[in-house]
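Enquirer: For reference, the structure I am asking about is given below.
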Amino acid sequence: MHVKLQCVATNGGGGKDQHKFYEKYLEKCPMILIRDLRGKDPEASSNDKFVALELLKNANVACGMILPGCQDTGTAICMGKKGQFVWTDGDDAESISRGIYNTYTSKYLRYSQTLGTAACPPYHLAVVIGGTSAEFTLKTVKLASCKYLDHLPSTASRLATIPLKSIDEHWLQLHDAMKMAGTVSCGFAKRPAYKHWVSSGSLQLIEARRSTPSDREFDQKRRMLRKEIGQSLRKDREAWWSERANELEAAAASDNYRKLFQLIRATGIKKSGVSETICEDDGMPITSIHRRLGRWAEFF
Numbered sequence: 097m098h099v100k101l102q103c104v105a106t107n108g109g110g111g112k113d114q115h116k117f118y119e120k121y122l123e124k125c126p127m128i129l130i131r132d133l134r135g136k137d138p139e140a141s142s143n144d145k146f147v148a149l150e151l152l153k154n155a156n157v158a159c160g161m162i163l164p165g166c167q168d169t170g171t172a173i174c175m176g177k178k179g180q181f182v183w184t185d186g187d188d189a190e191s192i193s194r195g196i197y198n199t200y201t202s203k204y205l206r207y208s209q210t211l212g213t214a215a216c217p218p219y220h221l222a223v224v225i226g227g228t229s230a231e232f233t234l235k236t237v238k239l240a241s242c243k244y245l246d247h248l249p250s251t252a253s254r255l256a257t258i259p260l261k262s263i264d265e266h267w268l269q270l271h272d273a274m275k276m277a278g279t280v281s282c283g284f285a286k287r288p289a290y291k292h293w294v295s296s297g298s299l300q301l302i303e304a305r306r307s308t309p310s311d312r313e314f315d316q317k318r319r320m321l322r323k324e325i326g327q328s329l330r331k332d333r334e335a336w337w338s339e340r341a342n343e344l345e346a347a348a349a350s351d352n353y354r355k356l357f358q359l360i361r362a363t364g365i366k367k368s369g370v371s372e373t374i375c376e377d378d379g380m381p382i383t384s385i386h387r388r389l390g391r392w393a394e395f396f
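For the sequence shown, the residue numbers in my numbering are 97 to 396.
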């Protein structure tokens with residue numbers, strides 16, 4: 097028995113390449129029927145055979161482009177992703193709303209309760225348990241039915257087969273791989289240096305707070321660590337000022353004015369020198385060294 101299938105099924109999108117999305121699903125339907133005729137598909141239930149046959153019938157009607165290809169459920173889900181270097185002109189929300197309007201007014205959607213539809217293959221069963229809201233649950237169902245989340249079950253199945261003793265090692269491998277990829281692509285932001293008077297005890301408290309998980313059950317621990325860090329830093333700063341004051345008094349008492357002057361300069365506010373930015377009368381900065389010297393000569 098030879099079956100050749102070539103049909104087009106449209107839904108609310110109705111794009112010119114929309115049929116490519118359904119070909120791989122429709123090709124499975126005749127295989128179910130063929131294996132059933134040959135007795136080689138014992139796992140196919142009567143419902144599977146019924147759905148496969150009806151799906152082929154609906155696809156045959158849908159390719160006529162006469163009846164609506166999908167019923168109007170009154171729900172439009174829009175999802176778009178773009179990188180930070182992608183710029184769009186105009187109002188994105190307005191463009192999305194216009195696309196929804198065009199789909200509902202010009203595509204093969206159903207507006208009548210009595211007019212039948214050609215149905216919209218494929219038939220998928222997607223079950224979503226839980227969800228923060230009804231909208232998020234419906235969005236997850238749509239993504240799952242369109243095969244956007246197919247990698248999740250395979251990843252979960254692979255992790256489920258890993259022995260308990262090696263799960264930490266497997267996680268460390270994933271962590272190192274992601275960290276390496278991020279380092280190569282983005283690099284590291286230079287962490288600002290701490291003040292020179294910060295003690296090692298304060299640094300340990302800071303590191304302990306940084307390594308505390310961000311879950312809610314650790315909120316109390318983070319608040320306690322933040323309070324301890326503030327108290328420790330105040331003690332460190334007071335201790336440093338007391339030590340520096342004793343050094344200044346000792347230098348003054350011993351008439352060591354050179355050391356006293358050095359301590360005063362090191363302790364006081366570091367003021368920046370003369371700014372290297374020199375501008376013309378119109379405010380434009382001067383980049384040429386010769387012109388800078390000439391500009392200085394005009395005033396001195």
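Positions of the beta carbon are idealized from the N, C-alpha and C atoms, including for glycine. No experiment lies behind these values; they were computed from the predicted model shown.
Just to confirm, are I58 and I302 a CB contact at a threshold of 8 Å?
Expert: The first residue shown for the chain is 97 and the last is 396, placing residue 58 beyond what the model contains.
Enquirer: Which of helix, strand or coil does DSSP assign to C174?
Expert: Of the three classes helix, strand and coil, the one that applies to C174 here is coil, per DSSP.
Enquirer: Whole angstroms are fine: how far does the CA of Q300 sit from the CA of A335?
Expert: For A335 and Q300, the distance between alpha carbons rounds to 18 Å.
Enquirer: Can you tell me whether A148 is buried or exposed, with buried defined as 16 or more other CB within 10 angstroms of its CB?
Expert: With 16 or more Cβ atoms within 10 Å of its Cβ, A148 is classed as buried.
Enquirer: To the nearest angstrom, how far is it from the Cα of N198 to the Cα of G227?
Expert: Computed Cα separation, rounded: 30 Å.
Enquirer: Thinking C-beta only, is L356 closer than 8 Å to A362?
Expert: Not a contact, by the Cβ cut-off of 8 Å.
Enquirer: Rounded to whole angstroms, what is the Cα-Cα separation between V224 and K243?
Expert: Taking the straight line joining both Cα atoms gives about 14 Å.
Enquirer: What are the boundary residues of the alpha helix (DSSP H) that G195 is part of?
Expert: Here the alpha helix (DSSP H) through G195 covers 188-202.
Enquirer: Inspect the beta-carbon positions of R333 and R305 and report whether they are closer than 8 Å.
Expert: No; because the gap between Cβ atoms is not below 8 Å, this pair is not in contact.
Enquirer: Let me make sure I understand the geometry here. Which of A273, T308, A341 has the alpha-carbon closest to that of M320?
Expert: The candidate whose alpha carbon is nearest that of M320 is T308.
Enquirer: What residue range is occupied by the uninterrupted alpha helix (DSSP H) comprising K323?
Expert: Run containing K323: 315-349, per the alpha helix (DSSP H) assignment.
Enquirer: When DSSP builds the beta bridges, which residues end up paired with P381?
Expert: For P381, which the question treats as bridged, DSSP gives the partners C375.
Enquirer: DSSP three-state call for H292: helix, strand or coil?
Expert: If DSSP states are grouped into helix, strand and coil, H292 belongs with coil.
Enquirer: Specify the secondary structure class of Q180 as computed by DSSP and reduced to three states.
Expert: Of the three classes helix, strand and coil, the one that applies to Q180 here is coil, per DSSP.
Enquirer: State the CB to CB distance for the pair S298 and S328, rounded to an integer number of angstroms; the pair is presumed to be in contact (CB under 8 Å).
Expert: Indeed, because the Cβ distance is near 4 Å, the residues count as touching under 8 Å.
Enquirer: If you draw a straight line from the C-alpha of N342 to the C-alpha of Y290, how long is it?
Expert: Rounded to whole angstroms, N342 to Y290 spans 24 Å at the Cα level.
Enquirer: Rounded to the nearest angstrom, what separates N352 and Q358 at their Cα positions?
Expert: Whole-angstrom Cα-Cα distance: 10 Å.
Enquirer: Around the C-beta of L152, are 16 or more other C-beta atoms found within 10 angstroms, so that it is buried, or is it exposed?
Expert: The residue is buried, with at least 16 neighbouring Cβ atoms inside 10 Å.
Enquirer: Do the CB positions of R388 and I374 come within less than 8 Å of each other?
Expert: Yes, these two residues count as a Cβ contact at 8 Å.
Enquirer: How should N143 be labelled, buried or exposed, when 16 other C-beta atoms within 10 angstroms of its C-beta is the threshold for buried?
Expert: Exposed, since its Cβ has fewer than 16 Cβ neighbours within 10 Å.
Enquirer: If contacts are defined as beta-carbon pairs under 8 Å, then I385 and E376 qualify, I think. What distance do you get, rounded to the angstrom?
Expert: Contact flag wrong, Cβ pair sits at about 15 Å.
Enquirer: If you draw a straight line from the C-alpha of S310 to the C-alpha of G179, how long is it?
Expert: Using only the alpha carbons, I get a separation of about 27 Å.
Enquirer: Please name the residue, chosen from K235, M380, D272, that lies closest to C174 on a Cα-to-Cα basis.
Expert: For C174, the nearest C-alpha among the options comes from K235.
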